[in-house]
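Colleague: Take a look at the following structure, please.
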Amino acid sequence: MRTSLSGSRSFVAVVSLFLANLLWAGQGIAVKMLEGGMHPIAIALLPLYLATLLLSPWIFWRRKNSWVRLRAAWQHRNQFIIAGVVGQLVAQVGMTLGIARSLASDGAILNSLVPIFSALIACVLLSERLTPLRVGALVLGLSGVVLLSPIHLSASAGAGMHHVLTGNLLIVAGCLGSAFYNVYSKRLLNDFSEIEILFFSYLAATITSIPLLVSIDSGFCKQLATFTAREWGAFSFLAIFMYGLSMLLFLYALRRVDVVVASVSFYLVPVFGAALAMAVLGERIAPQGFLGFGIVLVGMLAAFRKGYNFG
């Protein structure tokens, strides 16, 4: 019975990671849909603010011990500030500004750095092991992403190279922030639930970033008033699914697997992201990219072999 329960939880964790990566892959598409009507900083921060607001009922009104949990969060305020600012704020601002200056497929492909950054940070902060199988899975996934890389090389041939390079460097900074948040959240899972980690880290990011938003784009309210239905759809996707549901799914899985193992699943973001960029934005996929899709999936399955810290 115990083996069956453990296997069921393992399966749910894998499904959660698949769904989370599918939702993350849509970030580039949503940002591209919004960039004509809103400043990139506002695109990064306003959905985060809405997500924080939507999470608040589960913290304040749906728990009998909410004040006890609030006191516990206050005692850990420095950790939530670090997670929210160094992790989420850097991740989302870097990724959104980068995608606005580059291509949606570039953002998905450069996300392949997140598993590597996460594995290295997890070794330092959590003392997780980089076993031969885990290293092999990371390398295999990365090689699949390399096969996908011709997408952005061919698609960006007419773009300003300096502009694209700046965007890609910002995306890399966002990947580093994302990796740090993933690892740091694993530590917080010892004392807090998934939804508490999201809310309090988002709250820290919200409070610290409001002056930045007002100083750079004080007219964001007027921009919101001119949104089309398509733009509202993209904005809602970022707030509800990208900042909200996808992160809850990931933290649920992260409670049950090591960071290094969960990080291998991030190689699915280029797979899903490139497919979405092709379907929605008309960006091209080179023939070898489809081989890359298969290699990424093999690498992920290798990482989730029995015995690698599920349950």
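Each residue of the sequence shown is one higher than the one before, counting from 0 in numbering that gives the first Met the number 0.
Even glycine gets a Cβ: it sits at the ideal position worked out from N, Cα and C.
What you are looking at is a predicted structure, and each value in this text was computed from that prediction instead of being measured.
1) Rounded to whole angstroms, how far is the Cβ of SER200 from the Cβ of PHE79, which I believe are closer than 8 Å?
2) Which residues bound the alpha helix (DSSP H) around THR205?
3) Indicate whether GLY218 and LEU169 have their beta-carbon atoms separated by less than 8 Å.
4) Going by C-alpha distance, which of TYR266, SER111 and VAL258 is nearest ILE120?
5) What number of angstroms, rounded off, separates the C-alpha of PHE198 from the C-alpha of LEU52?
6) I need the boundaries of the alpha helix (DSSP H) containing ILE40, first residue and last residue.
7) Helix, strand or coil for VAL14? Go by DSSP, reduced to three states.
8) Which same chain residues, not among the five before or five after PHE265, have their C-beta less than 7 Å away from its C-beta?
9) Since GLY176 and GLY232 are thought to touch, with beta carbons under 8 Å apart, how far apart are those beta carbons, to the nearest angstrom?
10) For the alpha helix (DSSP H) that contains ASN77, what are its first and last residues?
11) Do SER117 and SER262 come within 8 Å of each other at the CB atom, strictly closer than that value?
12) Please indicate yes or no: does the CB of LEU112 lie closer than 7 Å to some heavy atom of the ligand COA?
13) Quick check: the Cα distance between LEU152 and PHE271, rounded to an integer number of angstroms?
14) Ends of the alpha helix (DSSP H) at GLU230?
15) For VAL256, which three-state DSSP category applies?
16) Tell me whether ASN167 sits in a helix, a strand or coil according to DSSP, three-state version.
17) May I ask you to report which of helix, strand or coil DSSP gives ARG128?
18) Alpha carbons only, please: which of LYS31, MET94 and VAL213 is nearest the one belonging to ALA172?
19) For GLY93, report the span of its alpha helix (DSSP H) as first-last.
20) Quick check: what's the CA-CA separation for LEU212 versus ALA50?
21) From this set, ALA252, MET277 and GLN91, which residue's C-alpha is nearest THR205's C-alpha?
22) Which same chain residues end up closer than 7 Å to LEU18 when comparing Cβ atoms and leaving out the 5 residues on each side of it in sequence?
Modeller: On the basis of the supplied data:
1) For this step, residue 200 is matched to residue 201 along the sequence shown. For this step, residue 79 is matched to residue 80 along the sequence shown. Approximately 5 Å separates the beta-carbon atoms of SER200 and PHE79; this is inside 8 Å, confirming the contact.
2) Working through the sequence shown from its first residue, we reach residue 205 at position 206. DSSP places THR205 inside the alpha helix (DSSP H), whose first and last residues are 193-215.
3) In the sequence shown, residue 218 corresponds to position 219, counting from 1. In the sequence shown, residue 169 corresponds to position 170, counting from 1. No; because the gap between Cβ atoms is not below 8 Å, this pair is not in contact.
4) Taking the first residue of the sequence shown as position 1, residue 120 is located at position 121. By alpha-carbon distance to ILE120, the top candidate from TYR266, SER111 and VAL258 is VAL258.
5) Taking the first residue of the sequence shown as 1, we reach residue 198 at position 199. Taking the first residue of the sequence shown as 1, we reach residue 52 at position 53. Looking at the two C-alpha atoms, the distance is approximately 9 Å.
6) The residue labelled residue 40 in the question sits at position 41 within the sequence shown. Segment 39-59, the alpha helix (DSSP H) holding ILE40.
7) Here residue 14 refers to the residue found at position 15 of the sequence shown. Helix.
8) Counting from 1 along the sequence shown, the entry for residue 265 is found at position 266. Closer than 7 Å at the Cβ level, and outside the excluded window around PHE265, lie ASN20, ASN110, VAL113 and PRO114.
9) Numbered from 1 along the sequence shown, position 177 holds the residue referred to as residue 176. Numbered from 1 along the sequence shown, position 233 holds the residue referred to as residue 232. Incorrect: roughly 26 Å between the Cβ atoms, too far for contact.
10) For the purposes of this step, residue 77 is taken as the residue at position 78 of the sequence shown. That run of the alpha helix (DSSP H) goes 76-80.
11) In the sequence shown, counting from the first residue as 1, residue 262 sits at position 263. In the sequence shown, counting from the first residue as 1, residue 117 sits at position 118. Less than 8 Å divides the Cβ of SER262 from the Cβ of SER117.
12) Among the ligands in the structure shown, none appear at all, so the ligand COA cannot be discussed.
13) Counting from 1 along the sequence shown, the entry for residue 152 is found at position 153. Counting from 1 along the sequence shown, the entry for residue 271 is found at position 272. Only weak support is given to the placement of LEU152: the predicted model assigns it a pLDDT of 43, under 50, and the value that follows is read from those uncertain coordinates. Straight-line spacing of the CA atoms in LEU152 and PHE271 works out to 18 Å.
14) Locating residue 230 in the sequence shown gives position 231, counting from the first residue. Segment 228-235, the alpha helix (DSSP H) holding GLU230.
15) Numbered from its first residue, the sequence shown carries residue 256 at position 257. Of the three classes helix, strand and coil, the one that applies to VAL256 here is coil, per DSSP.
16) Stepping through the sequence shown from its first residue, residue 167 is reached at position 168. Judged by DSSP in its simplified three-state form, ASN167 adopts helix.
17) One-based indexing of the sequence shown puts residue 128 at position 129. Here ARG128 carries a coil assignment [DSSP, helix/strand/coil].
18) Locating residue 172 in the sequence shown gives position 173, counting from the first residue. For the set LYS31, MET94 and VAL213, the Cα lying nearest the Cα of ALA172 is the one of MET94.
19) Stepping through the sequence shown from its first residue, residue 93 is reached at position 94. Counting along the chain, the alpha helix (DSSP H) containing GLY93 begins and ends at 89-100.
20) On the sequence shown, residue 212 is found 213 positions in, with the first residue counted as 1. On the sequence shown, residue 50 is found 51 positions in, with the first residue counted as 1. Distance between the alpha carbons of LEU212 and ALA50: 16 Å.
21) As a working note, residue 205 is residue 206 in the sequence shown. If we check each option's Cα against that of THR205, GLN91 comes out closest.
22) As a working mapping, residue 18 is identified with position 19 in the sequence shown. The answer, listed in chain order, is LEU248.
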